[in-house]
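Q: Protein chains in written order, with the working numbering: chain S, 35 to 363; chain U, 35 to 363. Right, I'll just put the structure down here and ask away after.
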């Protein structure tokens with residue numbers, strides 16, 4: 035009996051601390067080499083895209099697929115299907131709009147766990163959308179954060195972010211009126227924007243980086259987007275990525291850094307190697323570090339299972355009668 | 035409100051004549067070059083496979099994906115999701131076990147329409163499973179068939195096939211005790227088996243082909259399967275395929291023909307070129323012709339829409355509340 039989970043069910047079944055641990059376990063499994071994760075397929079539609087990201091995780095017996103489509107006119111719709119990898123049974127179908135933001139946040143949490151200074155206590159946030167929220171929540175789950183500052187171009191939005199997130203996380207958050215002010219004298223930076231660097235400015239510049247700071251950039255996941263400038267890639271001593279091949283090919287920030295000559299592949303480490311203990315994401319207290327993410331099927335499948343298990347426990351969602359025939363050979 | 039269709043709903047909403055026409059329209063759209071159809075992704079699981087076939091059809095405003103998994107222990111499960119290609123709305127989720135057999139049959143119907151002699155009136159069938167049923171039904175939808183013969187190794191199964199399909203199609207069907215007897219003196223052959231050529235025999239041999247005969251082979255869709263021998267590829271004057279790249283790479287019959295030196299690429303024509311009127315699948319009454327299929331995403335998406343539209347008309351299936359958030363940019 036597959037479980038159908040809508041947006042509210044998924045939100046209620048998301049526990050950020052648990053999601054971080056579950057995705058980290060998945061990334062550790064990936065490091066052991068037993069995960070099948072092809073590059074995602076991106077099909078052009080009349081007015082946008084149709085994208086599919088399947089992933090098979092053999093050790094944990096989990097598999098699934100995220101399917102999403104988007105257009106400027108109609109927005110984006112995400113769905114995740116998860117399966118028992120051994121029996122082939124379809125376990126759940128769920129909305130993945132919030133889930134995608136939550137798993138992106140959780141992955142930033144994992145990267146921050148391995149790459150921020152152990153004593154990091156302050157966060158500068160650029161952006162005030164859903165991703166800026168889930169990312170801050172995840173950072174707060176892995177470091178004892180006491181204060182944060184937020185910048186977003188719209189004063190109302192940044193003020194609302196500060197009020198709501200302060201209440202939610204129990205952290206003092208101040209809205210500020212420039213991006214520089216947001217990131218100045220902070221231990222951790224979160225850049226979570228939709229900036230393009232065309233009519234607007236790029237959100238974050240390498241000249242603002244400070245000694246010992248750890249920067250997370252989770253926007254600019256498409257070639258037409260720009261969030262951090264090439265100087266960031268020059269100043270960071272270590273650059274952690276969730277998938278080197280995808281970050282290199284898919285992010286507009288990468289294309290710009292490659293063109294500017296600040297893309298040095300020797301500085302890059304992949305999250306599975308870091309979590310698997312093969313490489314260090316930070317070597318000393320003074321290094322500037324950068325995490326750049328685009329998202330992978332491992333994150334989606336693990337997040338889907340984390341939500342599914344919690345939803346079953348809390349009896350959320352709608353069970354539908356098994357509707358897939360089981361055709362034996 | 036997405037519609038969920040289980041196996042019985044899909045069977046009740048399948049009208050073979052209509053499905054043939056709908057898939058043919060999709061193949062015509064494919065011929066015009068506005069279809070995005072990547073090669074399917076095949077992920078290995080612990081004990082089998084997880085396969086995804088997305089397809090975007092821009093002219094008709096349709097898109098979708100078939101996802102299926104299988105293992106020898108647990109059998110196969112298929113699901114199709116269909117979407118409005120313009121708005122991105124998820125329209126339906128449906129079981130695709132029967133649907134896959136029906137669309138394979140329908141595609142054989144289209145191939146037969148273009149490749150069998152116009153006066154073809156008799157069919158020889160090798161196989162008695164679900165595919166042997168849907169394929170015969172489709173052949174009867176495109177030619178005035180008056181008699182058929184069926185062979186399958188199990189006498190009970192072939193007798194049951196003859197009785198049941200005679201009643202269903204209003205055609206005289208005789209069960210016979212050798213494959214040669216089934217195909218002898220027939221205008222159209224349908225080979226629809228799971229034979230491997232290892233412990234069992236290959237189902238059909240080129241030496242049995244007769245002047246003017248049209249042969250459809252829809253089995254051996256995997257590298258470990260064998261259904262027709264290399265001689266078939268030598269004797270056929272024209273070989274029609276649904277996807278040349280996939281038939282060449284995925285069918286064990288193709289691998290064997292290539293190894294035997296009977297694979298002559300100049301003889302091959304693709305279904306979209308035939309339906310689009312660019313090439314002829316049969317040049318005269320005397321040619322022996324062969325259709326070899328492996329299945330494509332176009333067939334799945336069009337079949338999914340044919341079933342969805344019929345199900346809406348007949349009020350079949352279960353409407354579930356919209357569970358995908360519509361995230362605007």
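Using N, Cα and C, we set each Cβ at its ideal position, and we do this for glycine too.
Tell me the DSSP bridge mates of residue 295 of chain U?
A: Taking the first residue of the second chain as position 1, residue 295 of chain U is located at position 261. DSSP output for residue 295 of chain U lists no bridge partner at all.
Q: Confirm, please, whether the CB-CB distance from residue 254 of chain U to residue 285 of chain U is below 7 Å.
A: As a position in the second chain, residue 285 of chain U is number 251, starting the count at 1. As a position in the second chain, residue 254 of chain U is number 220, starting the count at 1. Yes; because the gap between Cβ atoms is below 7 Å, this pair is in contact.
Q: Ignore the nearest five residues each way along the sequence and tell me which others in residue 316 of chain S's own chain have a CB closer than 7 Å to its CB.
A: In the first chain, the residue the question calls residue 316 of chain S occupies position 282. Within the same chain, residue 316 of chain S has close Cβ partners 149, 272, 323.
Q: Starting from the Cα of residue 121 of chain S, find the closest Cα among U:180, U:228, U:79, U:256 and give me that residue.
A: Along the first chain, one-based indexing puts residue 121 of chain S at 87. Among U:180, U:228, U:79, U:256, the Cα nearest to that of residue 121 of chain S belongs to U:79.
Q: What do you get for residue 143 of chain U, buried or exposed, if any count of 16 or more other CB atoms within 10 angstroms of its CB means buried?
A: Walking along the second chain from the start, residue 143 of chain U turns up at place 109. Result: buried.
Q: Can you check which of these residues, U:161, U:343, U:105, is closest to residue 189 of chain U by C-alpha distance?
A: Taking the first residue of the second chain as 1, we reach residue 189 of chain U at position 155. Of U:161, U:343, U:105, the residue nearest in Cα terms is U:161.
Q: Over what stretch of residues does the beta strand (DSSP E) that includes residue 88 of chain S continue unbroken?
A: Stepping through the first chain from its first residue, residue 88 of chain S is reached at position 54. Residue 88 of chain S -> beta strand (DSSP E) spans 82-91.
Q: Just reading off the alpha helix (DSSP H) that residue 100 of chain S is part of, what are its end residues?
A: To locate residue 100 of chain S, count along the first chain from 1; it is residue 66. Taken as a continuous stretch (DSSP letters only), residue 100 of chain S belongs to no alpha helix (DSSP H), being part of the beta strand (DSSP E) at 96-105.
Q: According to DSSP, is residue 304 of chain U part of a helix, a strand, or is it coil?
A: The residue labelled residue 304 of chain U in the question sits at position 270 within the second chain. Residue 304 of chain U falls in the strand class under three-state DSSP.
Q: Near residue 44 of chain U, what residues of its chain come up, given a Cβ to Cβ distance below 6 Å and the 5 sequence neighbours on each side ignored?
A: For the purposes of this step, residue 44 of chain U is taken as residue 10 along the second chain, with counting starting at 1. For residue 44 of chain U, where only same-chain residues beyond five positions count, the Cβ hits under 6 Å are 128, 129, 132, 133, 341.
Q: So what does DSSP say about residue 278 of chain U, is it helix, strand or coil?
A: In the second chain, residue 278 of chain U corresponds to position 244, counting from 1. In the structure shown, residue 278 of chain U sits in a helix (DSSP, three-state: H, G or I).
Q: Residue 182 of chain U and residue 156 of chain U look like a contact to me (Cβ under 8 Å); what is the Cβ gap, rounded to whole Å?
A: The sequence position of residue 182 of chain U within the second chain is 148, counting from 1. The sequence position of residue 156 of chain U within the second chain is 122, counting from 1. About 7 Å separates the two Cβ atoms, so the contact holds.
Q: Using a Cβ-Cβ cutoff of less than 6 Å, which residues in the same chain neighbour residue 250 of chain U once the five nearest sequence positions on both sides are dropped?
A: Your numbering for residue 250 of chain U matches position 216 in the second chain. So the list reads 142, 224, 325, once near-sequence residues are dropped.
Q: Helix or strand or just coil, what does DSSP make of residue 153 of chain S?
A: In the first chain, residue 153 of chain S corresponds to position 119, counting from 1. Here residue 153 of chain S sits in coil by DSSP.
Q: What does the Cβ neighbour count give for residue 348 of chain U, buried or exposed, with the cut at 16 atoms within 10 Å?
A: Position 314 of the second chain, counted from the start, is the residue given in the question as residue 348 of chain U. Answer is exposed; the Cβ neighbour count stays below 16.
Q: Residues of the segment 246-277 of chain U in Cβ contact with chain S at a cutoff of 9 Å, in chain order, please.
A: Per Cβ criterion, the list is empty.
Q: Ignoring anything shorter than 4 residues, give me the alpha helix (DSSP H) runs that lie fully in the segment 159-240 of chain U, in order along the chain.
A: You should have 164-176, 189-203, 213-217.
Q: Determine the direct distance from the alpha carbon of residue 71 of chain U to that of residue 303 of chain U, and round the result to whole angstroms.
A: As a first step, residue 303 of chain U is located in the second chain; it is residue number 269 there, counting from the start. As a first step, residue 71 of chain U is located in the second chain; it is residue number 37 there, counting from the start. Distance between the alpha carbons of residue 303 of chain U and residue 71 of chain U is about 18 Å.
Q: Are residue 229 of chain U and residue 237 of chain U touching if we call contact CB-CB under 7 Å?
A: Mapped onto the second chain, residue 229 of chain U falls at position 195. Mapped onto the second chain, residue 237 of chain U falls at position 203. Taking 7 Å as the Cβ cut-off, residue 229 of chain U and residue 237 of chain U qualify as a contacting pair.
Q: Using DSSP with H/G/I as helix, E/B as strand and the rest coil, what is residue 120 of chain S?
A: Residue mapping note: residue 120 of chain S aligns to position 86 of the first chain, counting from 1. Reduced to three states, the DSSP call for residue 120 of chain S is coil.
Q: Run down chain U in chain order and give the residues with a C-beta less than 9 Å from the C-beta of residue 75 of chain S.
A: In the first chain, residue 75 of chain S corresponds to position 41, counting from 1. Those are 72, 75, 86, 88, listed as they occur along chain U.
Q: How would you write the range of the alpha helix (DSSP H) that residue 335 of chain S sits in, first residue to last?
A: Here residue 335 of chain S corresponds to residue number 301 of the first chain, with the count starting at 1. Unbroken alpha helix (DSSP H) run through residue 335 of chain S: 331-348.
Q: Anything in chain U within Cβ reach of residue 110 of chain S, meaning under 7 Å, just list it in chain order.
A: Position 76 of the first chain, counted from the first residue, corresponds to residue 110 of chain S. Going along chain U in sequence order, the residues near residue 110 of chain S (Cβ under 7 Å) are 361.
Q: Where do the N-terminal and C-terminal ends of the beta strand (DSSP E) with residue 326 of chain S fall, by residue?
A: In the first chain, residue 326 of chain S corresponds to position 292, counting from 1. 323-326 is the extent of the beta strand (DSSP E) around residue 326 of chain S.
Q: Determine, using beta carbons only, whether residue 121 of chain U comes closer than 7 Å to chain S.
A: Here residue 121 of chain U is taken as the residue at index 87 of the second chain, counted from 1. So yes, residue 121 of chain U belongs to the interface.
Q: Rounding to the nearest angstrom, what Cα-Cα distance links residue 362 of chain S and residue 298 of chain U in this structure?
A: For this step, residue 362 of chain S is matched to residue 328 along the first chain. For this step, residue 298 of chain U is matched to residue 264 along the second chain. Each residue's alpha carbon lies about 36 Å from the other.
Q: Quick one: Cα of residue 110 of chain U to Cα of residue 85 of chain S, how far?
A: Translated into the one-based positions of the second chain, residue 110 of chain U becomes position 76. Translated into the one-based positions of the first chain, residue 85 of chain S becomes position 51. Straight-line Cα distance between these residues: approximately 24 Å.
Q: Could you check how far apart the C-beta atoms of residue 176 of chain U and residue 147 of chain U are, in whole angstroms? I think they sit under 8 Å.
A: Sequence index remark: in the second chain, residue 176 of chain U carries index 142 (1-based). Sequence index remark: in the second chain, residue 147 of chain U carries index 113 (1-based). So it is a contact: roughly 4 Å between Cβ atoms.
Q: Could you name the residues of the same chain whose beta carbon sits closer than 7 Å to that of residue 193 of chain S, not counting the 5 residues immediately before and after it, in chain order?
A: Within the first chain, numbered from 1, the residue matching residue 193 of chain S stands at position 159. Same-chain partners within the cutoff: 209.
Q: Taking just the CA atoms, how far does residue 257 of chain U sit from residue 281 of chain U?
A: As a first step, residue 281 of chain U must be located in the second chain, where it is residue number 247. As a first step, residue 257 of chain U must be located in the second chain, where it is residue number 223. Answer to the nearest angstrom: the Cα atoms are 10 Å apart.
Q: Give a yes or no on whether the minimum CB-CB distance between residue 91 of chain U and chain S is below 7 Å.
A: Translated into the one-based positions of the second chain, residue 91 of chain U becomes position 57. Taking Cβ atoms only, chain S never reaches closer than 7 Å to residue 91 of chain U, which makes this a no.
Q: If we call anything under 7 Å between Cβ atoms a contact, is residue 246 of chain S one with residue 319 of chain S?
A: Taking the first residue of the first chain as position 1, residue 246 of chain S is located at position 212. Taking the first residue of the first chain as position 1, residue 319 of chain S is located at position 285. Cβ distance < 7 Å, so residue 246 of chain S and residue 319 of chain S count as in contact.
Q: At a CB-CB cut-off below 9 Å, which residues of chain S make contact with residue 97 of chain U?
A: Residue numbering aside, residue 97 of chain U sits at position 63 when the second chain is read from its first letter. Chain S residues near residue 97 of chain U: 77, 79, 84, 103.
Q: Name the chain U residues that come within less than 9 Å of residue 40 of chain S, Cβ to Cβ?
A: Along the first chain, read from residue 1 onward, the residue named residue 40 of chain S stands at position 6. What residue 40 of chain S touches in chain U: 355, 356, 357, 358, 359.
Q: Would you give the residue range spanned by the beta strand (DSSP E) that residue 44 of chain U belongs to?
A: In the second chain, residue 44 of chain U corresponds to position 10, counting from 1. No beta strand (DSSP E) contains residue 44 of chain U, which is instead part of the alpha helix (DSSP H) from 41-46.
Q: Can you find the residues in the same chain that come closer than 6 Å, C-beta to C-beta, to residue 314 of chain U, ignoring five residues on each side of it along the sequence?
A: If you number the second chain from 1, residue 314 of chain U lands on position 280. Excluding positions up to five away in sequence, the list is empty.
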